[in-house]
Amino acid sequence: MGIDIRKAAPADAASACALLRRSIEQGCEPDHRGRPDVLDSWLGNKTPENVATWFAAPTNHAIVAEQDGRLLGLALLTQAGKLALCYVEPDALRIGVGRALLAAVEAQARAWNIRKLFLHSPESAAIFFERHGYANSGMDKACFGLDCNLMWKSLDADEDRGSGQGKRFCNCSQ
Numbered sequence: 002m003g004i005d006i007r008k009a010a011p012a013d014a015a016s017a018c019a020l021l022r023r024s025i026e027q028g029c030e031p032d033h034r035g036r037p038d039v040l041d042s043w044l045g046n047k048t049p050e051n052v053a054t055w056f057a058a059p060t061n062h063a064i065v066a067e068q069d070g071r072l073l074g075l076a077l078l079t080q081a082g083k084l085a086l087c088y089v090e091p092d093a094l095r096i097g098v099g100r101a102l103l104a105a106v107e108a109q110a111r112a113w114n115i116r117k118l119f120l121h122s123p124e125s126a127a128i129f130f131e132r133h134g135y136a137n138s139g140m141d142k143a144c145f146g147l148d149c150n151l152m153w154k155s156l157d158a159d160e161d162r163g164s165g166q167g168k169r170f171c172n173c174s175q
């Protein structure tokens, strides 16, 4: 009854899109607070057609998490080192789905020789990423208008050094 991680396929797009929308509408409610302007913008590109395109793009690495055939989460890494998507079914939070997705994405990033990952995290998920070694570089406006935390993680850092708290986001010196 473990969590299975596999490469996402365009055929997963409809169920993955539904998961994305549920996760944003329900799990991220403290972030958008039901404000139609933010919610509509955030959900605007979350269509099965767009998700299928994201999954099929050769510069993306998209994965899904399943348990007993049920889709529980998805993540998408770009070759630019951006964790563009990392969402978990609201009723499957805190059972290891997010942790498994992050581990798989970070392994792919290392295989692509990506040294740093970055993402925009809504406030409700920032603590999760910090617990997994991502440094919080402060607030930044996401493309859909929500104030998010700009998070990053150096993949070549010694894991025993902690979460990197206090560091600023910058690729220039490493």
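Here our numbering = 1-based position in the sequence shown + 1. For glycine and all other residues, C-beta sits at the position ideal for the given N, C-alpha and C.
Within 10 angstroms of the beta-carbon of serine 125 lie fewer than 16 other beta-carbons, which makes it exposed. In the structure shown, the three-state DSSP call for glycine 74 is strand. Between valine 65 and alanine 17, the CB-CB gap stays under 8 angstroms.
In this chain, the beta strand (DSSP E) harbouring glutamate 67 covers 61-68. Counting along the chain, arginine 132 sits inside no beta strand (DSSP E); it lies in the alpha helix (DSSP H) bounded by residues 124-132. Here isoleucine 128 is exposed, its C-beta having fewer than 16 other C-beta atoms within 10 Å.
Excluding sequence positions up to five before and after leucine 44, its CB lies within less than 7 angstroms of the CB of Arg22 and Ile25, all in the same chain and listed in chain order. For glycine 3, there is no enclosing alpha helix (DSSP H), as DSSP marks it with neither H nor E. Each residue's CA atom was taken as its position, placing glycine 35 and leucine 147 some 12 angstroms apart. For glycine 45, there is no enclosing beta strand (DSSP E), as DSSP marks it with neither H nor E.
Residue Val52 holds the alpha-carbon nearest to the alpha-carbon of histidine 62 among Gln68, Arg71, Val52 and Pro123. According to the DSSP assignment, alanine 85 belongs to no alpha helix (DSSP H) but to the beta strand (DSSP E) extending over 84-89.
If you draw a straight line from the Cα of lysine 83 to the Cα of alanine 15, it comes to about 23 angstroms. For cysteine 149, the secondary structure class from DSSP, reduced to helix, strand or coil, is strand. DSSP, read as helix, strand or coil, puts glycine 139 in strand.
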